[in-house]
Amino acid sequence: MKMLHTMLRVGNLEESLRFYCDVLGMQLLRKKDYPGGKFTLAFVGYGDEKDNTVIELTHNWDTESYDLGDGFGHIALGVEDIYGTCEKIRSLGGKISREPGPMKHGTTVIAFVEDPNGYKIELIEMKKAAA
Numbered sequence: 115m116k117m118l119h120t121m122l123r124v125g126n127l128e129e130s131l132r133f134y135c136d137v138l139g140m141q142l143l144r145k146k147d148y149p150g151g152k153f154t155l156a157f158v159g160y161g162d163e164k165d166n167t168v169i170e171l172t173h174n175w176d177t178e179s180y181d182l183g184d185g186f187g188h189i190a191l192g193v194e195d196i197y198g199t200c201e202k203i204r205s206l207g208g209k210i211s212r213e214p215g216p217m218k219h220g221t222t223v224i225a226f227v228e229d230p231n232g233y234k235i236e237l238i239e240m241k242k243a244a245a
């Protein structure tokens, strides 16, 4: 088995695509309208779906917003320079909801950002391999 994608329902697809592609640097991999069902699916990620887990953004045409479920936690992204990444996200209009720093009861450096719908994305600084 293989992890394929995480699906998020979004109220404004274009705003969400700008965030995931322009602010977080993902690529729009594919997008398809389903007129009969009145919805659009857009898949974004950091590489081809055959090799990478991606995010499916689902836009139901008649729904402008959603209540975030209390069972959803976050999406996690690994980054090399968490402080520089947060500054870049902030400069592009992204919302940093937890500034970078060590996690409670640990040493891993993390931060949180929120997408336009309020979904949380955890940034985790990846340790560089010793040379």
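The opening position of the sequence shown corresponds to residue 115 in the working numbering, with each subsequent residue numbered one higher. Using N, Cα and C, we set each Cβ at its ideal position, and we do this for glycine too. In this text, all values refer to a predicted model and were calculated from it rather than measured experimentally.
Distance, residue j Cα to residue i Cα
{"i": "T167", "j": "L118", "result": "5 Å"}
{"i": "L138", "j": "L191", "result": "10 Å"}
{"i": "L182", "j": "L127", "result": "16 Å"}
{"i": "N231", "j": "G125", "result": "7 Å"}
{"i": "T199", "j": "M217", "result": "17 Å"}
Where residue i falls, given that 16 or more other Cβ within 10 Å makes a residue buried
{"i": "Y233", "result": "buried"}
{"i": "M115", "result": "exposed"}
{"i": "Y148", "result": "exposed"}
{"i": "S247", "result": "Given that the chain is displayed from residue 115 to residue 245, the structure contains no residue 247 and the question cannot be resolved."}
Nonlocal neighbours in the same chain, by C-beta distance under 8 Å from residue i, ignoring five residues either side
{"i": "L143", "result": "F157, V158, G159, D162, E163, V168"}
{"i": "N174", "result": "R123, K152, F153"}
{"i": "R204", "result": "I210"}
Proximal residues to residue i (C-beta, below 6 Å), its chain only, five neighbours per side dropped
{"i": "K146", "result": "L155"}
{"i": "Y134", "result": "M140, V158"}
{"i": "D229", "result": "F133"}
Range of the contiguous beta strand (DSSP E) that encloses residue i
{"i": "L131", "result": "Premise fails: L131 lies in the alpha helix (DSSP H), 127-131, not in any beta strand (DSSP E)."}
Could you name each continuous alpha helix (DSSP H) segment of 4 residues or more that falls completely within the segment 154-206, going from the start of the chain to the end? 196-205
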